[in-house]
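*Asks:* Using our numbering, the first residue of the sequence shown is number 571, and each one after it goes up by one.
Glycine included, every Cβ here is placed at the ideal spot set by N, Cα and C.
One structure coming up, written as structure tokens, with questions to follow.
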Amino acid sequence: MQLRECLKEMIPYTAGKTETGAIKLSSNENPLGPSPLAMEAVARALSGMNRYPDGASALLREKIGARIGLPSGQLIIGNGSDEILAFLAGAYIATGTNGITASNTFSEYTFSIKLFDGEIRKVPLKQGRFDLEGILAAVDGNTRIIFICNPNNPTGTFVTQKELDKFLNHVPENLLVVIDEAYQDFADDPDFPKTIPMLAARKNLFVTRTFSKLYGLAGLRIGYGAGHADTINDLFRTKQAFNVNLAAQAAAAAALEDADFVSRSLSLVKEGKEQVCQGLERLGIPFYPTQANFICFETGEDSEALFKKIILRGIAVRPLKSFGLPTSIRYTFGTRDNNELFLSILSDWKKGAL
Ligand SMILES: Cc1ncc(COP(=O)(O)O)c(C=O)c1O
């Protein structure tokens, strides 16, 4: 077989690892499990699984649209928001074009661009944050997409409303700016951008979101994209007929209504963030301030080796070598007990007793 040239250097995705018995806090999932209303909806939906699902996910688009204030024609549903990233690249990237993102961010932007033989340009973070001026400087006539992860995975840092507005005022209008908001549900800073209302005035803005994190549906694979109706029509051309299965559509629609689960999940993250930040401060471990359900901290050593020691004590975290941060670790906030155990492991490490 003759593998396409652009795939030859592609490294398959490395997922957050775990080991039997270890608590998995390496992939920013919801430690409370799935939304109970979603589980009930899946049980009901399964009796219809002899039929194909609604290929356009029409009902779910209506529901999401009503929730966030957009017509359903400005929404598309994906088999995870990962799939939306691939739709975007499939629609706009070809040989000779390029996409831009940051050096230390989610790897699927690079994957999507390379999949369609585009060039990926990576701009280093500045103090752990997206460097929007650096990104603007990397734009040329062949740039088609800019991916901004907000809050950023893995640092948890964010671009403010003011910064984003200024940036968008300088970006050429024929270049798509994609804001990946997989973790926006957890952001509570008043300066965090409100992107959905901006879509009306900015044709070249696009937002992706997921049901994998807050709603606890990572295993079902469902996320969405929001943008101008013309962009959505372009993306529908790249979509497989029945990309989102019936259980996922039913689960997402029900999860949106599960106010109790959402509120418990948000409280857990808020409390976990306080608990872990205080613990890290006490231990003198430097970390980035986070707007997400995880935190990125600096170990000053090979974090892959440290990860191996931590997992033996019962917690799987994410060493960040594959994100270009070989001495950092990302930890997903867990339950109070999980966080306590994690801090006690770190305390032992600091004492040289791990
Ligand atoms: C920034 C970011 N975007 C997208 C995703 C993927 O989300 P989904 O599960 O909807 O494909 C993740 C998953 O970890 C992520 O961290």
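With 16 as the cutoff for other CB atoms within 10 Å, does A707 come out buried or exposed?
*Replies:* The residue in question, A707, is exposed, as its Cβ has fewer than 16 Cβ neighbours within 10 Å.
*Asks:* Please state the DSSP three-state secondary structure of F912.
*Replies:* Helix.
*Asks:* Strictly closer than 6 angstroms from CB to any heavy atom of ligand 1: give me those residues in the order they appear in the chain.
*Replies:* The answer, residue by residue, is N598, G650, S651, D652, F676, C719, N723, D750, A752, T780, S782, A788 and G793.
*Asks:* Mind checking which residues open and close the beta strand (DSSP E) that includes L645?
*Replies:* Counting along the chain, the beta strand (DSSP E) containing L645 begins and ends at L645 to G648.
*Asks:* Three-state secondary structure (DSSP) at E689?
*Replies:* Strand, per DSSP.
*Asks:* In whole angstroms, what is the alpha-carbon distance linking A817 and L630?
*Replies:* Cα to Cα, A817 sits roughly 12 angstroms from L630.
*Asks:* If we count Cβ pairs, one from each stretch, closer than 8 angstroms, do we get three or more for the stretch 596-608 versus the stretch 781-798?
*Replies:* Yes, the stretch 596-608 touches the stretch 781-798.
*Asks:* Whole angstroms are fine: how far does the CA of A822 sit from the CA of I792?
*Replies:* Their Cα atoms are separated by approximately 7 angstroms.
*Asks:* Might you give, ordered along the chain, the residues of its own chain that have their beta carbon closer than 6 angstroms to the beta carbon of T765, omitting 5 neighbours on each side?
*Replies:* Excluding residues within five positions, the ones whose Cβ falls inside 6 angstroms are I749 and V777.
*Asks:* Could you name the residues that DSSP lists as bridge partners for K594?
*Replies:* According to DSSP, K594 bridges with A886.
*Asks:* Would you mind stating whether V747 and I716 have Cβ atoms separated by less than 7 angstroms?
*Replies:* Result yes, Cβ atoms of V747 and I716 sit closer than 7 angstroms.
*Asks:* State the beta-bridge partners of G789 as determined by DSSP.
*Replies:* For G789, which the question treats as bridged, DSSP gives no partner whatsoever.
*Asks:* Tell me which residues share the same chain as N863 and place their Cβ nearer than 7 angstroms to its Cβ, disregarding the 5 neighbours each side in the sequence.
*Replies:* Contacts found: N598, Y753, F756, K783, V839, T902 and F903.
*Asks:* Just the Cα atoms here: how many angstroms apart are G937 and K773?
*Replies:* It is not possible to answer for residue 937, since the shown part of the chain is limited to 571 through 924.
*Asks:* Let me know if A659 comes out buried or exposed under the rule of 16 or more other beta-carbons within 10 Å of its beta-carbon.
*Replies:* With 16 or more Cβ atoms within 10 Å of its Cβ, A659 is classed as buried.
*Asks:* Please state whether DSSP places T667 in a helix, a strand or coil.
*Replies:* The answer is coil: DSSP assigns T667 none of H, G, I, E or B.
*Asks:* What did DSSP end up calling G660 once you bin it into helix, strand or coil?
*Replies:* Note: G660 maps to helix in three-state DSSP.
*Asks:* I need the DSSP call for D934, collapsed to helix, strand or coil.
*Replies:* Because the chain is modelled from 571 through 924, residue 934 falls outside the range shown and cannot be assessed.
*Asks:* In three-state terms, what does DSSP make of S638?
*Replies:* The residue asked about is misnamed: residue 638 is Ile in this sequence, not Ser. In this structure, I638 counts as helix in the three-state DSSP scheme.
*Asks:* For the stretch 806-815 and the stretch 664-684, state whether three or more C-beta atom pairs, one from each stretch, are separated by less than 8 angstroms.
*Replies:* In short, these stretches do not touch, since the Cβ pair count stays below three.
*Asks:* For S914 and P889, which I take to be in contact (beta-carbon distance under 8 angstroms), what is that distance rounded to the nearest angstrom?
*Replies:* At roughly 19 angstroms, the Cβ-Cβ gap does not stay under 8 angstroms, so S914 and P889 are not in contact.
*Asks:* Within this structure, are the beta carbons of L916 and L876 separated by less than 7 angstroms?
*Replies:* Contact flag unset, no.
*Asks:* Identify, in the order they occur along the chain, each residue of the same chain with its Cβ nearer than 7 angstroms to the Cβ of E871, setting aside the five sequence neighbours on each side.
*Replies:* T897, listed in sequence order.
*Asks:* Scan the stretch 825-890 and note each continuous beta strand (DSSP E) run of 3 residues or more that stays entirely inside, going in chain order.
*Replies:* Those beta strand (DSSP E) runs which fall completely within the stretch 825-890 and span 3+ residues are 864-868.
*Asks:* What number of angstroms, rounded off, separates the C-alpha of F728 from the C-alpha of N674?
*Replies:* Each residue's Cα considered, the two are about 13 angstroms apart.
*Asks:* For the beta strand (DSSP E) containing T780, list its first residue and its last residue.
*Replies:* Per DSSP, T780 belongs to the beta strand (DSSP E) from L775 to T780.
*Asks:* In angstroms, rounded to a whole number, what distance separates the CA positions of P694 and N815?
*Replies:* P694 and N815: Cα-Cα distance of roughly 38 angstroms.
*Asks:* To the nearest angstrom, how far is the alpha carbon of S642 from that of A770?
*Replies:* Using only the alpha carbons, I get a separation of about 14 angstroms.
*Asks:* Counting along the chain, where does the alpha helix (DSSP H) carrying T801 start and finish?
*Replies:* Counting along the chain, the alpha helix (DSSP H) containing T801 begins and ends at A799 to F806.
*Asks:* For the beta strand (DSSP E) that F737 lies in, which residues bound it at each end?
*Replies:* It is not in any beta strand (DSSP E) - F737 instead sits in the alpha helix (DSSP H) that spans Q731 to H740.
*Asks:* Determine the extent of the beta strand (DSSP E) in which I705 is found, giving its start and end residues.
*Replies:* Careful: I705 lies outside any beta strand (DSSP E), inside the alpha helix (DSSP H) at L702 to A708.
*Asks:* Let me confirm a value: Y858 is counted as buried when at least 16 other C-beta atoms fall within 10 Å, else exposed. Which label applies?
*Replies:* Per the 10 Å Cβ criterion, buried.
*Asks:* What does the alpha-carbon distance come out to for the pair D828 and S605?
*Replies:* Approximately 7 angstroms between the Cα atoms of the pair.
*Asks:* If we call anything under 7 angstroms between Cβ atoms a contact, is I881 one with A592?
*Replies:* Going by C-beta atoms, I881 is nearer than 7 angstroms to A592.
*Asks:* Among all the DSSP beta bridges, which residues are the ones paired with S617?
*Replies:* S617 pairs with nothing; no bridge assigned.
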